[in-house]
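Numbering (my numbering), first residue to last: 56 to 198. The next block holds one structure in the form of structure tokens; read it before the comments.
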Amino acid sequence: MDPWLIWLITAAVLAVAEIFTLTAALGMLSAAALVTAGGAALGLSPPFQFLVFAVVATVTVLFVRPLAVRHVLQPQVARFGIDALVGKAAYVVSEVSGLGGRVRIDGEEWTARSYDETLVIPPGKTVDVIEISGTTAFVYPRD
């Protein structure tokens with residue numbers, strides 16, 4: 056069997072193993088094996104093939120992997136849908152209590168309830184959206 060084919064199979068096996076581990080390390084080794092397969096196809100001798108593999112694997116694991124892991128572990132920057140409304144200010148349209156009421160959030164009217172069930176918030180007040188459950192916003196007055 057040709058050496059380039061062995062490196063190519065090794066790259067494929069490491070890539071499949073990476074799918075199951077999600078550590079990015081095996082993916083970097085797979086990339087190194089893929090580069091080495093190219094070198095073997097160009098006719099590099101086996102000692103140089105192992106040297107190419109070792110150098111590329113070292114560079115990718117030490118420099119590329121930390122960047123990839125940092126990118127994956129970043130918190131989600133943008134919030135969408137109802138999650139984006141939590142923390143926003145709302146305007147009380149009709150009295151809000153623990154039983155119900157109406158608020159305007161970003162130009163849209165929502166049914167609302169007071170986050171603290173004992174509070175009654177009069178119309179015209181500004182409140183903060185604490186939580187949204189279904190179509191109901193739970194709000195708390197700003198002071």
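All C-beta atoms in this analysis are idealised placements derived from N, C-alpha and C, irrespective of residue type, glycine included.
Quiz item: So, is Leu69 buried or exposed, given that buried needs 16 or more other C-beta atoms within 10 angstroms?
Solution: With 16 or more Cβ atoms within 10 Å of its Cβ, Leu69 is classed as buried.
Practice problem: Tell me where the beta strand (DSSP E) around Thr166 begins and ends. | Solution: First-last of the beta strand (DSSP E) with Thr166: 163 to 169.
Quiz item: What separation, rounded to the nearest whole angstrom, lies between the Cα atoms of Ala56 and Ala96?
Solution: Reading off the sequence shown, one finds Met at residue 56, where the question assumed Ala. Our two residues, Met56 and Ala96, have alpha carbons roughly 12 Å apart in a direct line.
Quiz item: For Val100, does the three-state DSSP call read helix, strand or coil?
Solution: Note that residue 100 is Ser in the sequence shown, not Val. Ser100 falls in the coil class under three-state DSSP.
Self-check item: 7 Å CB neighbourhood of Ala72 in its chain, flanking five on each side removed
Solution: Cβ contact annotation for Ala72 (same chain, cutoff 7 Å, sequence separation greater than five): Leu81, in chain order.
Quiz item: Given 8 Å as the limit, is there contact between the stretch 166 to 176 and the stretch 185 to 194, that is, 3 or more CB pairs closer than that?
Solution: Touching, per the Cβ criterion.
Practice problem: Give a yes or no on whether the C-beta atoms belonging to Thr181 and Gly153 are separated by under 8 Å. | Solution: With respect to Gly153, Thr181 sits apart: the two C-beta atoms are not nearer than 8 Å.
Exercise. Pull up the distance between the alpha-carbon of Ala145 and that of Asp183, whole angstroms please.
Key: Ala145 and Asp183: Cα-Cα distance of roughly 6 Å.
Quiz item: What does a CB cutoff of less than 8 Å around Gly93 pick up in its chain, not counting 5 residues either side in sequence?
Solution: If we look at Gly93 and ignore the five residues flanking it on each side, its Cβ neighbours are Trp59.
Practice problem: Go ahead and pull the three-state DSSP assignment for Thr173. | Solution: Residue state, collapsed to three classes: coil.
Quiz prompt | Contiguous beta strand (DSSP E) assignments of at least 3 residues, all confined to the stretch 88 to 135 | solution = Within the stretch 88 to 135, no complete beta strand (DSSP E) run reaches 3 residues.
Quiz item: With a CB to CB cut of under 8 Å and the five nearest residues on each side skipped, what residues in its chain are close to Pro177?
Solution: Closer than 8 Å at the Cβ level, and outside the excluded window around Pro177, lie Val147, Glu150.
Quiz item: Across which residues does DSSP place Ile181 in a beta bridge pair?
Solution: Rather than Ile, the amino acid found at residue 181 in this sequence is Thr. In the DSSP secondary-structure assignment, Thr181 is bridged to Tyr146.
Quiz prompt | Ser152 (DSSP reduced to helix, strand or coil) | solution = DSSP places Ser152 in coil when its eight states are reduced to three.
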